[in-house]
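Student:
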Amino acid sequence: MTDRSDFERLFRSVHTDLHGYVVRRMGLTGAEDVVADALATVFARWGDAPASLDEQRAWAFGITHHKLQEAFRKRSRAIAVVSVLHAGPTASAAADDEVAALDRARRLLERLPTAERNAVYLTVVAGLTSAETARILECSVTAVTSRVSRARHSLRAILEAEKGKEASARVVS
Numbered sequence: 001m002t003d004r005s006d007f008e009r010l011f012r013s014v015h016t017d018l019h020g021y022v023v024r025r026m027g028l029t030g031a032e033d034v035v036a037d038a039l040a041t042v043f044a045r046w047g048d049a050p051a052s053l054d055e056q057r058a059w060a061f062g063i064t065h066h067k068l069q070e071a072f073r074k075r076s077r078a079i080a081v082v083s084v085l086h087a088g089p090t091a092s093a094a095a096d097d098e099v100a101a102l103d104r105a106r107r108l109l110e111r112l113p114t115a116e117r118n119a120v121y122l123t124v125v126a127g128l129t130s131a132e133t134a135r136i137l138e139c140s141v142t143a144v145t146s147r148v149s150r151a152r153h154s155l156r157a158i159l160e161a162e163k164g165k166e167a168s169a170r171v172v173s
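Last residue of the sequence shown: 173 (full-length UniProt numbering), numbering continuous.
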């Protein structure tokens, strides 16, 4: 196989998954740009690519993860410079319940510490193995599983606290 056909094989294998991962993290706005930038970097660095398709996928996810972090930093700087309220995607009256649920899940995950949030996104949302996630995050597999476990515990506690507040509000009303 040629380098080009190897890259095309990886592209067909990973593009949809990368796009889904980025959309879940940042919404539709800018997602295609992040994925395109990541895949351009993968292509430019193709000589450094691992041999197997599974390792190439994990490598591409790692590059995409870094490009996503760059996009978040750029977005934060732009918001600070412009000094406008950034409410994210607004839900119209006709918005799907699914869109609202994804937005709520994204907001809940954003409340987690960065290390735990990244481990959850890569293993649970993107569907990578703990070993692949460990390579991307440059930590041990044990650290990944611990982070995911702590994140799940934290999310359960957050949801229970929200339920308690809702119940209290109904009693007071």
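Even for Gly, the Cβ is constructed at its ideal location relative to N, Cα and C. Note that this is a predicted model, so its numbers are computed, not measured.
Is A40 helix, strand or coil when you go by DSSP?
Tutor: Helix at A40.
Student: Quick check on S140: does DSSP put it in helix, strand or coil?
Tutor: Here S140 sits in coil by DSSP.
Student: At the level of alpha carbons, what is the spacing between S5 and R111?
Tutor: Near 41 angstroms, if we compare the C-alpha coordinates of R111 and S5.
Student: Quick check: what's the CA-CA separation for K163 versus S154?
Tutor: Going by the C-alpha atoms only, they are around 14 angstroms apart.
Student: To which residues of the same chain is E116 closer than 8 angstroms at the C-beta, ignoring the five residues directly before and after it?
Tutor: Contacts found: R147, V148, R150, A151 and S154.
Student: Please determine if the stretch 12–24 and the stretch 117–131 are in contact, where contact requires at least 3 C-beta pairs separated by less than 8 angstroms.
Tutor: As far as the Cβ criterion goes, the stretch 12–24 touches the stretch 117–131, which means the pair count is three or higher.
Student: Can you tell which of A105, R106, V35 and A126 has the C-alpha that lies nearest to the C-alpha of I63?
Tutor: Residue V35 is the option with its Cα nearest to I63.
Student: How is T123 classed by DSSP in three states: helix, strand or coil?
Tutor: Helix at T123.
Student: Kindly list the residues whose CB is nearer than 6 angstroms to the CB of E132, restricted to its own chain and excluding five residues on each side of it in sequence; keep chain order.
Tutor: Once the five neighbours on either side are set aside, the close Cβ partners of E132 are A58.
Student: Return the CA-CA distance between A60 and E70, expressed in angstroms with no decimal places.
Tutor: For A60 and E70, the distance between alpha carbons rounds to 15 angstroms.
Student: Where does H66 land, buried or exposed, given buried means 16+ other C-beta within 10 angstroms?
Tutor: Counting Cβ neighbours within 10 Å, H66 comes out exposed, since fewer than 16 surround it.
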